[in-house]
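*Asks:* To start, I am sharing the structure in question, which I have written as structure tokens.
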Ligand SMILES: [Zn+2]
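In my numbering, the protein residues as written are 1 to 342.
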């Protein structure tokens, strides 16, 4: 399997994270990149250091104001006297109050959904590199049939103009746009991260050329709470082009794979030119912030289903947090995918 990645991924390494009233260790650490990269290297996959495709492919998904803020925020830190290793706000715009302010603190709250996405010295380089890795993989996929983008930080909670849920730039959506341009479309996205792919849904909600399918834990009592319900099916030109399959917490292999099968049947009916899989491993039974009980065998079965579903498949790394099972689940997924393709 071709694996694209960016060494700049490690330049964003947040430490603390405000969770349920306490500051805890940030789950989305740079070591995720190192661990996943080491695992695919040791498994013998071909690693490709991503090329720089520039800012234009990012502008296909994100607003200029969103990109400008995260590109320049650290350089503007002098606007916030006493700032330490990172810039973060505790103030957020709401549907009832959403004028865009000028000052840095207010802008951060305008372009963020929560406190999980601090800006540090290397944040822009890391998120830019992560997005570039997704683009490099998208460029390789039409010819090679499959590729895996080792994206870190992840992306599927980022909207066109909002970061959140550890995500700044939506790597999956950026890759889908790239594939749409390369293939003529349409493109389908299957998100199997344990969390709903709310940013990806939001980006394509009004469009009919990208089908978005997400299998995730019921948001009624799980992040991202405010989106991911079965009744959200798209609007306007995108009416019917969004499928959410929320499942109860504690869901194991059987029901999870059935839901993925349902998603893949919808995708087959859509007849996409390419399939992008938002590949989170936090559905694992061992994930520290997960809610499902998916085993390594479950991930292998998902890989076989995805491999059989389409001839042009781009795998984009999303969530999956530090635990002993994490690198093994990635390696097992890629191995099962490749064996199914032989
Ligand atoms: Zn997740």
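Backbone N, C-alpha and C define an ideal beta-carbon position, used for all residues, glycine too.
Give the secondary structure of residue 229 by DSSP, where H, G and I count as helix, E and B as strand, and everything else as coil.
*Replies:* The answer is coil: DSSP assigns residue 229 none of H, G, I, E or B.
*Asks:* Give me the Cα-Cα distance between residue 231 and residue 78, rounded to the nearest whole angstrom.
*Replies:* Approximately 45 Å, taken between the alpha carbons.
*Asks:* For the beta strand (DSSP E) containing residue 168, list its first residue and its last residue.
*Replies:* That residue, residue 168, is in no beta strand (DSSP E); it is neither H nor E in DSSP.
*Asks:* Would residue 226 pass as a contact of residue 195 if the rule is Cβ separation under 9 Å?
*Replies:* no
*Asks:* Give me the pocket residues for ligand 1, defined as CB within less than 7 Å of any heavy atom, sorted by chain position.
*Replies:* 193, 194, 195, 280, 282, 318 and 319
*Asks:* Rounded to the nearest angstrom, what separates residue 60 and residue 19 at their Cα positions?
*Replies:* 33 Å
*Asks:* State the start and end residues of the unbroken beta strand (DSSP E) segment that holds residue 242.
*Replies:* 242-247
*Asks:* Whole angstroms is fine: what's the gap from residue 39's alpha carbon to residue 85's?
*Replies:* 30 Å
*Asks:* Do you know offhand how far residue 147's Cα is from residue 96's?
*Replies:* Distance between the alpha carbons of residue 147 and residue 96: 43 Å.
*Asks:* Label residue 197 either buried or exposed according to how many other C-beta atoms from any shown protein chain fall within 10 Å of its C-beta, with 16 as the threshold for buried.
*Replies:* buried
*Asks:* Can you grab the Cα-Cα spacing for the pair residue 214 / residue 187, in whole Å?
*Replies:* 14 Å
*Asks:* Between residue 316 and residue 161, what straight-line distance do the alpha-carbon atoms span, to the nearest angstrom?
*Replies:* 21 Å
*Asks:* Determine the direct distance from the alpha carbon of residue 192 to that of residue 7, and round the result to whole angstroms.
*Replies:* 25 Å
*Asks:* What number of angstroms, rounded off, separates the C-alpha of residue 5 from the C-alpha of residue 145?
*Replies:* 18 Å
*Asks:* Pick out whichever of 246, 224 and 204 has its Cα sitting closest to the Cα of residue 217.
*Replies:* 246
*Asks:* From what residue to what residue does the beta strand (DSSP E) around residue 25 run?
*Replies:* 22-25
*Asks:* Could you check where the alpha helix (DSSP H) with residue 336 kicks off and where it finishes?
*Replies:* 325-341
*Asks:* Determine the contact status of residue 321 and residue 272, defining contact as a CB-CB distance below 9 Å.
*Replies:* No, they are not a contact pair.
*Asks:* Between which two residues does the beta strand (DSSP E) holding residue 16 run?
*Replies:* Counting along the chain, the beta strand (DSSP E) containing residue 16 begins and ends at 16-19.
*Asks:* How is residue 306 classed by DSSP in three states: helix, strand or coil?
*Replies:* Residue state, collapsed to three classes: helix.
*Asks:* Any chance you could list the beta strand (DSSP E) runs of at least 3 consecutive residues sitting entirely within the segment 134-169, in chain order?
*Replies:* 146-149
*Asks:* Determine, using beta carbons only, whether residue 261 and residue 243 come nearer to each other than 9 Å.
*Replies:* Against a cut-off of 9 Å, the Cβ pair of residue 243 and residue 261 comes out as no contact.
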